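Notes follow the structure.
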């Protein structure tokens, strides 16, 4: 869906200079394609501590399921990040590929996850940092009312074909690893995707 506010955002000189020349030209011509978009990653964090990268060159082999290709977006795809959410699931037979996560903040969410920081870094520059607890809904009613996402008041920008990282910093805590129970985290980024027509 075309969004004039998104186009205005992309025309800002600081953002525009990061765009692929083909996308810049389409902005100039008024022919840019802007669609609703989502990036996500699902990862098993059982027993994890310290700082872990959710997106890197080995994301398919080691980190679970994602639609981010090897740590960067397609050269002609850019994400204007508007909202984020974090979900959690636990169980003895869960794998990242089959886990259906819940974004409800509850007693079932280990402190190490709730108190972790989600950090997004583009070309070694942090563009977003927020406590995971604030990125989760507090009740089922919040989800019903579509309030289970964090609204990025100041939109963030992830340019195509540039390295970026999504990290969880557990702030000195460790996710439990008890009785074969797995802890799965899903990070979802919502906004507008730009594409060359």
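In my numbering, the protein residues as written are 16 to 212.
Think of the CB as a built atom: it goes at the ideal place given N, C-alpha and C, for glycine as much as any other residue.
Computed from a prediction, not measured in an experiment: that's the story for all the values here.
Subject >> 8 Å Cβ shell around residue 161 - same chain, five flanking residues per side excluded >> reply: If you number the chain shown from 1, residue 161 lands on position 146. A caution first: residue 161 carries a pLDDT of 46, below 50, which makes its placement in the model unreliable, though a value can still be read off. Closer than 8 Å at the Cβ level, and outside the excluded window around residue 161, lies no residue.
Original post:
What's the C-alpha gap between residue 166 and residue 150?
Top reply: By one-based count along the chain shown, residue 166 stands at place 151. By one-based count along the chain shown, residue 150 stands at place 135. Between residue 166 and residue 150, the C-alpha separation is close to 9 Å.
Subject >> Residue environment, residue 206, which counts as buried when at least 16 other CB atoms sit within 10 Å >> reply: Against the chain shown, residue 206 aligns to sequence position 191. With a threshold of 16 other beta carbon atoms within 10 Å, residue 206 meets it and is buried.
Subject >> Euclidean distance between Cα positions of residue 198 and residue 87 >> reply: Counting from one through the chain shown, the residue named residue 198 turns up at place 183. Counting from one through the chain shown, the residue named residue 87 turns up at place 72. Straight through space, the alpha carbons of residue 87 and residue 198 are spaced by roughly 26 Å.
Original post:
CA-CA distance, residue 24 and residue 105?
Top reply: To locate residue 24, count along the chain shown from 1; it is residue 9. To locate residue 105, count along the chain shown from 1; it is residue 90. When rounded, the distance between both Cα atoms is 39 Å.
Subject >> residue 93 versus residue 130 - alpha carbon distance >> reply: If you number the chain shown from 1, residue 93 lands on position 78. If you number the chain shown from 1, residue 130 lands on position 115. The alpha-carbon of residue 93 is positioned some 30 Å away from that of residue 130.
Original post:
So what does DSSP say about residue 33, is it helix, strand or coil?
Top reply: For the purposes of this step, residue 33 is taken as the residue at position 18 of the chain shown. Secondary structure at residue 33: coil, using DSSP grouped into helix, strand and coil.
**OP:** Could you please give the first and the last residue of the uninterrupted alpha helix (DSSP H) stretch that includes residue 133?
**Re:** Looking up residue 133 in the chain shown gives position 118. Counting along the chain, no alpha helix (DSSP H) covers residue 133; the unbroken beta strand (DSSP E) around it starts and ends at 132 to 137.
Subject >> Minimum C-alpha distance to residue 135 - residue among 148, 172, 34, 39 >> reply: Within the chain shown, residue 135 is the residue found at index 120, counting from 1. Here the closest residue by C-alpha is 172.
Original post:
Between the C-alpha atoms of residue 187 and residue 29, what's the straight-line distance to the nearest angstrom?
Top reply: Against the chain shown, residue 187 aligns to sequence position 172. Against the chain shown, residue 29 aligns to sequence position 14. In this model, residue 187 and residue 29 are separated by some 36 Å (Cα to Cα).
**OP:** Check whether the Cβ atoms of residue 70 and residue 170 lie closer than 7 Å to each other.
**Re:** Start at 1 with the first residue of the chain shown, and residue 70 comes out as number 55. Start at 1 with the first residue of the chain shown, and residue 170 comes out as number 155. Not closer than 7 Å, so no.
**OP:** Between the Cα of residue 20 and those of 40, 50, 35, 36, spot the shortest distance and give me the residue it belongs to.
**Re:** In the chain shown, the residue the question calls residue 20 occupies position 5. Nearest of 40, 50, 35, 36 to residue 20, Cα basis: 50.
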